[in-house]
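First residue of the sequence shown: 1, per full-length UniProt numbering; consecutive thereafter.
Notes to accompany the following structure.
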Amino acid sequence: MSDPTSPSTLRISMAGRFRGFLPVVVDVETGGFDWNQHALLEIAAIPLDLDENGQLALGETACAHLDPAPGTKIDPKSLEITGIQLDHPFRLSKPEKEALDHVFAKVRSAVKKHHCQRAILVGHNAHFDLNFLNAAVARTRHKRNPFHPFSVFDTVTMAGLAYGQTVLARAVQAAGMTWNAADAHSAVYDAEMTAKLFCAIANQWPRVLPPPAP
């Protein structure tokens with residue numbers, strides 16, 4: 001007989017597993033390290049889903065390239081690291097508010113699908129991504145931000161506990177996956193690998209049904 005508490009047999013809804021929150025993996029590429037001054041240039045968000053076995057899996061990616069918001073700064077050294085070419089004809093960047101509208105709409109749809117109350121940001125050094133996201137929300141006075149304003153799931157901590165690694169590339173490799181350095185520092189690639197890392201760790205974690213209501 002199979003163990004009813006094993007990951008293969010225990011089914012918990014997304015809302016039930018994360019107390020009404022939907023984990024959404026986010027990566028941003030920016031014009032520097034100071035979210036109060038530097039521009040948000042790329043964003044990718046991947047709402048997590050459940051596969052047919054109740055395991056966490058990647059949902060549909062929402063992404064956007066952004067025009068530097070008026071008044072923000074760009075450190076040329078950051079562009080050297082990310083490889084972003086602001087004037088590239090195929091960059092197809094959007095104004096900051098329009099880009100947030102696009103990404104947030106996909107996230108809200110996923111939150112509704114899983115009957116969750118709110119999204120919670122998952123990231124590698126997650127508060128870096130959340131701080132830039134919150135700064136963009138404040139600049140645009142966006143009223144429909146689906147993310148919790150300060151709570152996160154950080155894969156740095158998770159990977160440190162699970163594998164003894166805190167660098168994303170090394171943690172991904174420790175989890176048995178391949179890391180392509182040539183694709184790194186793209187918001188979509190980094191978000192996808194962070195999402196796979198989160199799922200790899202969380203899917204191995206024992207799942208316990210919540211106690212019955214009194």
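A virtual CB, placed ideally from N, CA and C, is assigned to each residue, including glycine.
Assigned with DSSP and collapsed to three states, residue 18 falls in coil, not helix or strand. Rounded to the nearest angstrom, the gap between the Cα atoms of residue 39 and residue 73 is 6 Å. Our two residues, residue 181 and residue 169, have alpha carbons roughly 8 Å apart in a direct line.
Distance between residue 149 and residue 140, taken at the CA atoms: about 15 Å. Residue 76 has its alpha-carbon roughly 42 Å from the corresponding atom of residue 15. For the 9 Å CB-CB criterion, residue 45 and residue 143 do not form a contact.
Exposed is the label assigned to residue 167, since fewer than 16 other Cβ atoms lie within 10 Å of its Cβ. When 207, 20, 43 are compared, the shortest CA-CA separation from residue 112 is found for 20. Under the rule that a run must span 4 or more residues, the alpha helix (DSSP H) segments found entirely inside the stretch 73-142 read 76-82, 96-113, 126-140.
Annotation: residue 41 to residue 204 spans about 34 Å, alpha carbon to alpha carbon. Secondary structure of residue 192 (DSSP, three-state): helix. Contact between the stretch 81-91 and the stretch 124-134 is not established, with fewer than three Cβ pairs separated by less than 8 Å.
Here residue 183 is exposed: its Cβ has fewer than 16 other Cβ atoms, across all protein chains shown, within 10 Å. Shown here, residue 51 sits in coil according to DSSP, grouped into three states, outside any helix or strand. Residue 104 and residue 134 do not touch by the CB rule: their CB atoms are close to 13 Å apart, not below 8 Å. Secondary structure at residue 27: strand, using DSSP grouped into helix, strand and coil. Residue 43 and residue 64 do touch by the CB rule: their CB atoms are close to 6 Å apart, below 8 Å.
Counting every other CB atom within 10 Å of its CB across the protein chains shown gives residue 161 a total below 16, marking it as exposed.
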